[in-house]
Amino acid sequence: MESDYVTIYVLGKKHKVPKDLTIMKAMEYAGHQFRRGAGCRGGFCGACATLYRRKGSYKLEGALACQKIVEDGMVIAQIPFSPAAKKTYRLEELKPSASTILEYYPEVSRCLSCNTCTKACPQDIMVMDYVQAALRGDLAKATELSFDCISCGLCAVRCPAEIVPYNVAQLARRLYARYIDGPAQQVLDRVEEVEKGVYDEEIERLKKASKEELAQLYNSREIDISE
Amino acid sequence: MSDYVSGYPDYMQESLRRVEETREERIGKRFPPMTPEERQRILEEYHPDWRMDQKRRLRVGPDKGLLMPHEVADILEAHSMVDPSAIDLGDVEFDVDVLVIGAGGAGLSAAILANDSGIPAENILIVQKLRMGDANSKMSQGGIQAADAPNDSPVLHFLDVMGGGHYYNDPELVEVLVKDGPEVIKWHEELGVLYDKLPDGSMQLAPGGGTCRRRMHSCKDYTGLEITRVLMDETVNREIGCVEFTAAVEFLKDEYGQVAGALLYDLDSDVYRVARAKSTILATGGFGRLHIQGYETTNHYGATGDGLVMAYRAGARLVHLDSTQFHPTGSAYPEQIVGQLCTEKLRGRGAQPVNADGELFVYPLETRDVEASAIIRECYGRGKGIKTPTGMMGVWLDTPLIDIINGEGTIEREFAAMLRNYSKFGIDIRREPMLVFPTLHYQNGGVKINVKGETGVPGLYAAGEVCGGVHGKNRLMGNSQLDLYVFGRRAGRAAAERAKKARVGKLTLEHVEAYERMLAAEGVETDRRSPILLPEYRGKRALEHHIKLV
């Protein structure tokens, strides 16, 4: 039926596609074979950042092509790459502080608090808030607020202060994880035990066991998954 | 339900009501795990691996006779996409010590460890078919196993891996997997990976299917994303080169029979480029996008099994390719996300699989092959599935239990990705269950390696999903994430040591021509070419689902 289809414009070109498809599948239906602009196809990688404009609207909106359903009259352009700046550093030489953030990304101090980044985010992340947290040196907050970021690049493309929020967030999270959250003692203890060879003998015995012996041990092992 | 409008069609409401009515009495209810005999029976009756008409024996090469899915045999019994006579191997564009093919978890780990082992960044090259980090590694949600809990040990982990893999695993590989596990977590924490912790600073651990202890470390339900982006950041910081949108399509050898780099294909320009290397590490991932038996897949767009093809033509051996992992819980509805992963951690935190009548029908943490078989049986053997508008079957995964059992806010905190992805299609998984069916998830078998990541072909190393042996014929949740880093690191170290001594001779593609002669000698007549590099979804194929179930 005619009502089962919508019209979309991919880079200006008109296509009739079944409604209810994601932008990604609609583009494939229309004959595209993605090279750039498709990745995990499940909302985890940020490869398919897309700008679109709705019928009759002047507004540019952002979405992941794999997560957004096409609408009649939608005009679509993918932004599969953003020439954003990424500073290089040696994490082990840094201090977890606001000055580190400012040293590598001084442009965060130019944040206008306009919230355009947050509006552009297809993950509904409070981007401006984490940029502000990083600027204050509140690495815990910056980490928490930015954690679900998939670095699709849409915030950076839209930011009038030329900030690359996701690269700022990556630095903030690594600083927080290494220096503030820190290592779990149980991991360090177990590594030491393994290095001392504490488990070698038992594993050696299991490696030599017959399939029947192993199955017997496996089937009779105690299962303790209580908290 | 007050103001909440169900995200499911009207005709499913009756079944949803039964799920809701029975929820209270299912809390804390323990469905007995199957006996070893019951497990074997359900696998034989319902697991896709046991559909012998969906497999054939390979007709060519050193593993001639090896049983594998038709889709995998199709890419191995195929002509090279390259015409060796049209390539000028004298025009060497990249000349490095260590070439890493693939920039997922295994490849990035290998590159970093090669650098740590004394190979300068400028003498390491990563090539990647799509973008850096575009890999299944990044899509892992639920977690990574490592035996560091006080009541756990590498010995118990070893037993779980072997039993889960039905004892087909290579015990040497399993030993290093479980012993290196804690070291990998330590390395991640040093690099700035943020694992979920309890208030006292200890690891927050969850169980997985077939684990006898809580051993699953997680980063919310973005575990793979968090680890991969840190490794990417570290790789860029070290200024290790990565050429993106450039696929390796055949290995290059020299007159001594060593692998000495790879022939690359630039996806932007359709031009071939020559990369010469003293050591080459294959880390191209799996084959989910081959859609074995027509199954939908959780896999990345680039998971087309390229590495298997290249390695086999170069003389590497293959193992366990008869076994494929179907994840028990892929999305069955809504249509837009069919086949995508619903992490096993949902069950680890209390979600139950229930049928159309609201009955719990299986222990939620059986190993993946058994759990998947039980869901297929419920739909096709017992007629207790729910049919979607497109004719697919599924059962409910009762997620609201997670917040009831662990406290309100748990789903929002620990399953941000699942909550977000479903809410985009009008379903709130805190209030309504997910509709799920098994989905093609992982290549259990692959290229045979030893504990150093050596393939047996001099100069060629491999790590990650492209390899087989460590997981036997069924992988446990969280062990592929671990496998990436354990064997990626090992391959990186070993490749670096070799590169310090190795000398490379004159480059050749003679092995590709020899493979061509083998195909002819075995009477394989086909116009198929491989590696295929990209799956084909253009036109009507964008709408296809046809699982060859019944």
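Here the protein sequences come in this chain order: A and B. Following our numbering, the numbering of the first sequence begins with 1 at its first residue and continues without gaps. Following our numbering, the numbering of the second sequence begins with 1001 at its first residue and continues without gaps. The beta carbon of each residue, even a glycine, is placed where N, CA and C say it ideally should be.
Contacting residues, own chain, Cβ-Cβ under 8 Å from residue i (five flanking each side not counted)
i	result
Ala-85 (chain A)	Val-164, Asn-167
Phe-147 (chain A)	Arg-173
Asp-1266 (chain B)	Phe-1245, Thr-1246, Tyr-1272, Arg-1273
Gln-228 (chain A)	For chain A, the structure presents residues 1 to 227; residue 228 (chain A) sits outside this window and is missing.
Pro-1207 (chain B)	Arg-1213, Arg-1214, Arg-1215, Met-1216, Gly-1348, Leu-1365
Met-1001 (chain B)	Its pLDDT being 46, under 50, Met-1001 (chain B) is placed unreliably by the model, and nothing is read from it.
Beta-carbon proximity check, residue i vs residue j, cutoff 8 Å
i	j	result
Leu-1534 (chain B)	Gln-33 (chain A)	yes
Lys-1138 (chain B)	Gly-1224 (chain B)	yes
Pro-1328 (chain B)	Pro-1438 (chain B)	yes
Thr-1399 (chain B)	Leu-1341 (chain B)	no
Thr-1304 (chain B)	Leu-1321 (chain B)	no
Leu-1130 (chain B)	Gly-39 (chain A)	yes
Ser-82 (chain A)	Gly-153 (chain A)	yes
Arg-1313 (chain B)	Glu-1250 (chain B)	yes
Leu-1419 (chain B)	Leu-1252 (chain B)	no
Leu-1263 (chain B)	Ile-1124 (chain B)	no
Ser-1080 (chain B)	Val-1512 (chain B)	yes
Gly-1539 (chain B)	Gly-31 (chain A)	yes
Pro-1334 (chain B)	Phe-1415 (chain B)	no
Ala-1521 (chain B)	His-1300 (chain B)	no
Ile-79 (chain A)	Val-157 (chain A)	yes
Glu-202 (chain A)	Val-1155 (chain B)	yes
Ile-1126 (chain B)	Ala-1103 (chain B)	yes
Gly-1358 (chain B)	Arg-1018 (chain B)	yes
Whole-Å CB distance - residue i paired with residue j, under 8 Å assumed
i	j	result
Gln-1283 (chain B)	Ala-1463 (chain B)	It is worth fixing the name first, because residue 1283 (chain B) is Ala in this sequence and not Gln. Correct: roughly 5 Å between the Cβ atoms.
Ala-120 (chain A)	Cys-155 (chain A)	5 Å
Ser-1109 (chain B)	Tyr-1380 (chain B)	At roughly 40 Å, the Cβ-Cβ gap does not stay under 8 Å, so Ser-1109 (chain B) and Tyr-1380 (chain B) are not in contact.
Thr-1280 (chain B)	Ile-1101 (chain B)	7 Å
Asp-224 (chain A)	Asn-1151 (chain B)	6 Å
Ile-1144 (chain B)	Leu-1482 (chain B)	5 Å
Ala-1316 (chain B)	Met-1392 (chain B)	Between Met-1392 (chain B) and Ala-1316 (chain B) the Cβ distance is about 37 Å, and since that is not below 8 Å, they are no contact.
Residue i to residue j span [Cα, whole Å]
i	j	result
Glu-107 (chain A)	Leu-175 (chain A)	19 Å
Val-1550 (chain B)	His-1047 (chain B)	With a pLDDT of 41 at Val-1550 (chain B), under the threshold of 50, the predicted position of this residue should be treated as unreliable, and no value is reported.
Leu-112 (chain A)	Pro-160 (chain A)	8 Å
Glu-1255 (chain B)	Leu-1191 (chain B)	41 Å
Tyr-89 (chain A)	Asn-1237 (chain B)	6 Å
Leu-1360 (chain B)	Tyr-29 (chain A)	39 Å
Gly-1339 (chain B)	Lys-25 (chain A)	14 Å
Arg-1493 (chain B)	Pro-1182 (chain B)	18 Å
Leu-1559 (chain B)	Gln-216 (chain A)	It is not possible to answer for residue 1559 (chain B), since the shown part of chain B is limited to 1001 through 1550.
Ser-109 (chain A)	Met-126 (chain A)	17 Å
Leu-1113 (chain B)	Ala-1356 (chain B)	50 Å
Lys-1186 (chain B)	Gln-185 (chain A)	10 Å
Ser-1530 (chain B)	Pro-1120 (chain B)	34 Å
Arg-205 (chain A)	Val-198 (chain A)	13 Å
Ile-150 (chain A)	Gln-170 (chain A)	10 Å
Val-75 (chain A)	Leu-188 (chain A)	54 Å
Tyr-1008 (chain B)	Arg-1430 (chain B)	14 Å
Val-1436 (chain B)	Val-1161 (chain B)	26 Å
Asn-219 (chain A)	Gly-1163 (chain B)	8 Å
Ser-244 (chain A)	Thr-1343 (chain B)	Any property of residue 244 (chain A) remains undetermined from this structure, which presents chain A solely from 1 to 227.
Collapsed DSSP secondary structure at residue i in the structure displayed
i	result
Pro-1328 (chain B)	strand
Ala-1277 (chain B)	strand
Cys-1379 (chain B)	helix
His-1300 (chain B)	coil
Pro-1069 (chain B)	strand
Ser-57 (chain A)	coil
Lys-1540 (chain B)	helix
Met-1001 (chain B)	The pLDDT assigned to Met-1001 (chain B) is 46, lower than 50, so where the model puts this residue is not dependable; a value taken from the coordinates is nonetheless given after this. Met-1001 (chain B) falls in the coil class under three-state DSSP.
Gln-1145 (chain B)	strand
Lys-1424 (chain B)	coil
Asp-1403 (chain B)	helix
Cβ-based neighbour list, residue i, same chain, cut-off 6 Å, excluding 5 preceding and 5 following
i	result
His-1157 (chain B)	Ala-1147, Val-1178
Ile-1532 (chain B)	Thr-1304
Cys-1467 (chain B)	Gly-1446, Val-1447, Ile-1449
Ile-1292 (chain B)	Pro-1069, Glu-1071, Thr-1324, Leu-1440
Ala-1491 (chain B)	Ala-1110, Ile-1281, Gly-1453, Tyr-1461, Ala-1463
Sequence-distant residues of the same chain with beta carbon closer than 7 Å to residue i, five excluded per side
i	result
Asp-72 (chain A)	Val-6, Thr-7, Lys-55
Asp-1095 (chain B)	Arg-1276
Contacts that residue i makes with chain C (C-beta to C-beta distance below 7 Å)
i	result
Lys-1186 (chain B)	In summary, chain C is missing from the structure at hand, where the protein chains are A and B.
Heavy atom of the ligand SAH within 7 Å of residue i beta-carbon
i	result
Glu-1536 (chain B)	The ligand SAH is not part of the structure shown, which contains no ligands of any sort.
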